[in-house]
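Numbering (the working numbering), first residue to last: 468 to 664. Take a look at the structure below.
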């Protein structure tokens, strides 16, 4: 089958029941407020582009998952990241295709018109998080993941997320070049916004 599909929860009760299972919480929603609070804090830090605070709040989400349920795969941390934002009420696209591949996640924040193109890197051992971040940023650049959003978003952020071990987290945000089309009395004009290419 070909086509685009959007999977979502039919209602709040199903979301509340499935989220702990997907995130690996061993409590049967005994304290849903804590998980929701952690997710909302992580989303707020993410949207504020506060790297230090996001690392702390998302690290708390990861620390809440029992050690024996962590999986040593990049895709696992991709899922936990996306599920955390979804739990906080933010839609996330996984593996959204572009001309040269698909970034791990795309977050479109409708209220601000910002788009975050996210690439996630994971290492099982305690790794150099800065090096993982650079690797993720390089991937975004090489594959031109941000290019398809130019002109359609108010601002575009190349976002590198690195996880090492089970709870060491780092994130970096870099504004991508962008443009917008404006009407003037003399006709349409393309205005460059964001940093120059």
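No residue lacks a Cβ here, since even glycine has one placed at the ideal position from N, Cα and C.
Three-state secondary structure assigned by DSSP to residue i
i, result
"residue 577", "coil"
"residue 653", "coil"
"residue 602", "helix"
"residue 597", "helix"
"residue 538", "coil"
"residue 544", "helix"
"residue 607", "helix"
"residue 615", "helix"
"residue 495", "With a pLDDT of 49 at residue 495, under the threshold of 50, the predicted position of this residue should be treated as unreliable, though the coordinate-derived value follows. In the structure shown, residue 495 sits in coil (DSSP, three-state: anything other than H, G, I, E or B)."
Same chain, Cβ closer than 8 Å to residue i, five either side skipped, listed in chain order
i, result
"residue 577", "none"
"residue 551", "490, 505, 506, 509, 510, 525, 528"
Where the beta strand (DSSP E) containing residue i begins and where it ends
i, result
"residue 637", "635-642"
"residue 569", "No beta strand (DSSP E) contains residue 569, which DSSP labels as neither H nor E."
Cβ-heavy atom distance, residue i to the ligand ATP, below 8 Å
i, result
"residue 528", "You won't find the ligand ATP in this model; it holds no ligand whatsoever."
Rounded separation between residue i and residue j - CA only
i, j, result
"residue 605", "residue 538", "25 Å"
"residue 639", "residue 652", "40 Å"
"residue 554", "residue 646", "32 Å"
"residue 613", "residue 543", "23 Å"
"residue 545", "residue 583", "14 Å"
"residue 579", "residue 514", "10 Å"
"residue 560", "residue 607", "16 Å"
"residue 619", "residue 502", "33 Å"
Contacting residues, own chain, Cβ-Cβ under 7 Å from residue i (five flanking each side not counted)
i, result
"residue 520", "512"
"residue 589", "541, 544, 630"
"residue 497", "Because residue 497 sits at a pLDDT of 48, beneath the cut-off of 50, its placement in the model cannot be relied upon, and the following sentence gives the value as read from the coordinates. The answer is none, since no qualifying residue turns up."
"residue 625", "584, 604, 607, 613, 641, 643"
"residue 660", "645, 646, 647"
Own chain residues within Cβ distance below 6 Å of residue i, not counting five before or after
i, result
"residue 562", "569"
Inter-stretch contact (C-beta, 8 Å, three-pair minimum) for the stretch 623-642 and the stretch 590-600: In short, these stretches touch, since the Cβ pair count reaches three.
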